[in-house]
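Residue numbering for the first sequence follows the working numbering, beginning at 10 and increasing consecutively.
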Amino acid sequence: MLKIATWNVNSVKARKERLLSWLQREMPDVLSLQELKVEADGFPLAEVQDAGYQAVLNAQKTYNGVALLAKRELLDGQSGFGDAVEDTQARHVEATVCGLRVLSVYAPNGGDGAGDKWTYKLAWLDRLLAYLERTHDPRAPLLLCGDLNIAPDDKDVARPDAWKHTVLCRPEVRDAFARLLAWGLSDVMRAHHPEGGPYTWWDYRMLGFQKGNGLRIDHILATLPLAAACTSAGVDRNERKGTQPSDHAPVYALFDWPKSA
DNA sequence: ATGGTTGCTTAGCAA
Numbered sequence: 010m011l012k013i014a015t016w017n018v019n020s021v022k023a024r025k026e027r028l029l030s031w032l033q034r035e036m037p038d039v040l041s042l043q044e045l046k047v048e049a050d051g052f053p054l055a056e057v058q059d060a061g062y063q064a065v066l067n068a069q070k071t072y073n074g075v076a077l078l079a080k081r082e083l084l085d086g087q088s089g090f091g092d093a094v095e096d097t098q099a100r101h102v103e104a105t106v107c108g109l110r111v112l113s114v115y116a117p118n119g120g121d122g123a124g125d126k127w128t129y130k131l132a133w134l135d136r137l138l139a140y141l142e143r144t145h146d147p148r149a150p151l152l153l154c155g156d157l158n159i160a161p162d163d164k165d166v167a168r169p170d171a172w173k174h175t176v177l178c179r180p181e182v183r184d185a186f187a188r189l190l191a192w193g194l195s196d197v198m199r200a201h202h203p204e205g206g207p208y209t210w211w212d213y214r215m216l217g218f219q220k221g222n223g224l225r226i227d228h229i230l231a232t233l234p235l236a237a238a239c240t241s242a243g244v245d246r247n248e249r250k251g252t253q254p255s256d257h258a259p260v261y262a263l264f265d266w267p268k269s270a
């Protein structure tokens with residue numbers, strides 16, 4: 010059994026104690042992190058290693074930054090799509106663990122949906138798909154984990170009318186999500202929660218969590234050989250409570266898959 | 001329509 014999780018921690022510095030205690034309590038085999046917001050030397054590597062984890066980082070100062078943590082060896086770490094685009098934002102890292110290729114991604118938010126940030130988001134999602142098509146095989150065991158900044162369906166939004174025209178819900182990004190699935194990825198959360206949700210993010214503004222104004226924008230997508238082995242999936246909603254929470258809760262999925270693979 | 005909160009950086013941006 011493999012436990013895979015993904016968590017946008019919204020600053021690994023601000024979330025260090027929460028991250029370490031969550032790791033020790035939940036002991037996922039693999040944890041995908043987003044929004045580290047620190048350079049590599051600001052990442053709490055020694056503490057993470059003390060907790061029994063290896064790490065592969067694509068770190069960046071102030072914004073973005075992604076990582077993969079794992080109890081087993083992380084092999085062949087790689088960052089960035091290696092395409093023709095000049096991109097300074099750290100939004101992708103991947104590695105092989107337990108025979109799986111695992112990607113941790115932080116998709117652009119898209120801002121107000123009018124300017125450069127929106128153009129960049131749509132282009133980045135296109136580049137992600139092109140990268141998968143170019144470098145990966147959907148018949149192989151692969152996991153795409155992270156904050157895609159897409160709520161795939163109105164069922165994934167507590168108040169769909171309020172969010173309908175935003176960058177998280179517009180048809181363009183829902184189409185990008187659908188194209189990832191068409192390539193060969195399966196939304197394991199949807200498979201185990203066909204009713205929609207559970208939500209993974211609540212805006213700090215407007216006291217989103219307190220008002221139940223959530224969306225499902227963090228995802229674990231699996232190619233078919235792995236999706237078939239997924240036995241359950243959920244969101245650790247409690248981690249959004251208490252003092253100094255991230256605005257995202259951890260998302261996890263269990264797979265009937267050998268750790269030794 | 002606007003506002004509300006948090007984090008990084010230090011007044012303004014990003015989410």
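Where a beta carbon is used, it is the ideal one built from N, C-alpha and C, also for glycine. Remember, predicted model here, so these are calculated numbers, not experimental data.
Restricting to Cα atoms, I'd like to know which of the options is closest to residue i.
| i | options | result |
| --- | --- | --- |
| residue 155 | 198, 123, 167 | 198 |
| residue 49 | 74, 40, 35, 37 | 74 |
| residue 232 | 12, 71, 100, 190 | 190 |
| residue 145 | 188, 162, 19, 192 | 192 |
| residue 52 | 166, 36, 71, 39 | 71 |
| residue 269 | 24, 41, 81 | 81 |
| residue 188 | 172, 168, 140 | 140 |
| residue 272 | 27, 218, 37 | Past the boundaries of the shown model lies residue 272; the chain is included only from 10 to 270, so the question cannot be answered. |
| residue 132 | 92, 208, 42 | 92 |
I'd like the span of the beta strand (DSSP E) that includes residue i, first residue to last.
| i | result |
| --- | --- |
| residue 139 | From DSSP, residue 139 is part of no beta strand (DSSP E) but of the alpha helix (DSSP H) over 125 to 144. |
| residue 32 | Note, residue 32: premise wrong, no beta strand (DSSP E); alpha helix (DSSP H) at 25 to 35. |
| residue 183 | Taken as a continuous stretch (DSSP letters only), residue 183 belongs to no beta strand (DSSP E), being part of the alpha helix (DSSP H) at 180 to 192. |
| residue 170 | Where residue 170 is concerned, there is no enclosing beta strand (DSSP E), although the alpha helix (DSSP H) it sits in stretches over 169 to 172. |
| residue 157 | Counting along the chain, residue 157 falls outside any beta strand (DSSP E), and DSSP gives it neither H nor E. |
| residue 62 | That residue, residue 62, is in no beta strand (DSSP E); it is neither H nor E in DSSP. |
| residue 272 | The requested residue 272 is not part of the displayed model; the chain covers only 10 to 270. |
| residue 113 | 109 to 115 |
| residue 240 | 239 to 244 |
| residue 77 | 75 to 79 |
| residue 208 | Looking at the DSSP string, residue 208 is not in any beta strand (DSSP E), and its letter there is neither H nor E. |
| residue 105 | 101 to 106 |
| residue 41 | 39 to 43 |
| residue 177 | Residue 177 -> no beta strand (DSSP E), and no H or E assigned at all. |
| residue 260 | 260 to 264 |
| residue 14 | 11 to 17 |
Do residue i and residue j have their C-beta atoms closer together than 7 Å?
| i | j | result |
| --- | --- | --- |
| residue 56 | residue 29 | yes |
| residue 79 | residue 106 | yes |
| residue 136 | residue 90 | yes |
| residue 65 | residue 83 | yes |
| residue 44 | residue 17 | yes |
| residue 158 | residue 118 | yes |
| residue 122 | residue 176 | yes |
| residue 255 | residue 100 | no |
Where do the N-terminal and C-terminal ends of the alpha helix (DSSP H) with residue i fall, by residue?
| i | result |
| --- | --- |
| residue 201 | 197 to 201 |
| residue 83 | That residue, residue 83, is in no alpha helix (DSSP H); it is neither H nor E in DSSP. |
| residue 56 | 54 to 59 |
| residue 233 | 233 to 236 |
Measuring only the C-alpha atoms, how far is residue i from residue j?
| i | j | result |
| --- | --- | --- |
| residue 164 | residue 205 | 5 Å |
| residue 203 | residue 258 | 20 Å |
| residue 68 | residue 160 | 26 Å |
| residue 210 | residue 108 | 30 Å |
| residue 262 | residue 126 | 31 Å |
| residue 142 | residue 236 | 19 Å |
| residue 212 | residue 10 | 33 Å |
| residue 39 | residue 12 | 7 Å |
| residue 128 | residue 134 | 10 Å |
| residue 147 | residue 195 | 10 Å |
| residue 224 | residue 174 | 14 Å |
| residue 22 | residue 88 | 21 Å |
| residue 247 | residue 130 | 30 Å |
| residue 241 | residue 166 | 21 Å |
| residue 85 | residue 104 | 5 Å |
| residue 238 | residue 267 | 10 Å |
| residue 208 | residue 227 | 8 Å |
| residue 200 | residue 265 | 15 Å |
Mind the definition here: the stretch 249 to 256 touches the stretch 179 to 197 only if three or more C-beta pairs lie below 8 Å; say whether that holds. no
Assess contact between the stretch 58 to 65 and the stretch 92 to 99, defined as three or more Cβ pairs (one per stretch) separated by less than 8 Å. Is contact present? Flag = no, the stretch 58 to 65 and the stretch 92 to 99 do not touch.
Any 3 or more C-beta pairs closer than 8 Å across the stretch 150 to 170 and the stretch 104 to 116: At 8 Å Cβ cutoff, the stretches touch.
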